[in-house]
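Trainee: One structure, pasted below without further comment.
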Amino acid sequence: MSTKFLLRADEIREIAPGHGACYASDHITVDGQKVGFMYREEPDNDVDSGWRFLSGNESQEYLDDSNNLQIYDVNTIANYDQGIVALLSAPCGSAFARTASDEFVVDDQPHDDDV
Numbered sequence: 009m010s011t012k013f014l015l016r017a018d019e020i021r022e023i024a025p026g027h028g029a030c031y032a033s034d035h036i037t038v039d040g041q042k043v044g045f046m047y048r049e050e051p052d053n054d055v056d057s058g059w060r061f062l063s064g065n066e067s068q069e070y071l072d073d074s075n076n077l078q079i080y081d082v083n084t085i086a087n088y089d090q091g092i093v094a095l096l097s098a099p100c101g102s103a104f105a106r107t108a109s110d111e112f113v114v115d116d117q118p119h120d121d122d123v
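Taking this note's numbering, the leading residue of the sequence shown gets 9, the next gets one more, and so forth.
Take a look at the structure:
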């Protein structure tokens with residue numbers, strides 16, 4: 009069974025090109041939820057940006073199922089949520105959470121939900 013993404017390939021525009029690959033939850037790309045939590049870790053390889061994008065509503069069980077997380081170009085995720093673009097130059101080790109007022113703030117709490 010193939011995944012039905014919220015945006016079609018022909019709807020993806022050049023919003024944040026050149027940032028490399030990332031992991032993102034199906035909550036964003038399939039269900040259309042905004043990015044609620046984003047963090048950057050050391051990249052896995054030369055293509056990986058280190059960025060990880062989650063809605064913030066994923067359970068640990070959901071995150072443990074690798075079928076719910078996919079690799080995308082960061083530009084693709086920027087098309088789903090342009091609010092991430094201003095933060096993409098943040099260094100590895102950075103983490104941001106979206107507030108109720110729809111703004112991202114630095115999240116310096118320890119997390120065990122690495123993708």
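Built from N, CA and C at the ideal position, the CB exists for glycine as well.
1. Please name the residue, chosen from Ser-109, Ile-85, Arg-106, that lies closest to Arg-21 on a Cα-to-Cα basis.
2. Looking only at DSSP bridge pairs, what is Ser-109 linked to?
3. I want to know whether the segment 71-81 touches the segment 93-107 - three or more CB-CB distances under 8 Å.
4. Among residues of its own chain, excluding the 5 on either side of Asp-110, which ones have a beta-carbon nearer than 6 Å to its beta-carbon?
5. In the DSSP output, what is Phe-61 paired with across the bridge?
6. Which residues share a DSSP beta bridge with Gln-78?
7. Just the Cα atoms here: how many angstroms apart are Asp-81 and Asp-56?
8. Less than 8 Å between the C-beta atoms of Ala-29 and Ile-92, yes or no?
Mentor: Reading it off the structure:
1. Check the Cα spacing between Arg-21 and each of Ser-109, Ile-85, Arg-106: the tightest is with Ile-85.
2. DSSP, once it has assigned bridges, lists no residue as partnering Ser-109.
3. No, they do not touch.
4. Closer than 6 Å at Cβ, skipping near neighbours: no residue.
5. Phe-61 has Ala-32, Met-46 as its beta-bridge partners, per DSSP.
6. Bridge partners of Gln-78 according to DSSP: Ala-32.
7. In a straight line, the C-alpha of Asp-81 is about 9 Å away from that of Asp-56.
8. Not a contact, by the Cβ cut-off of 8 Å.
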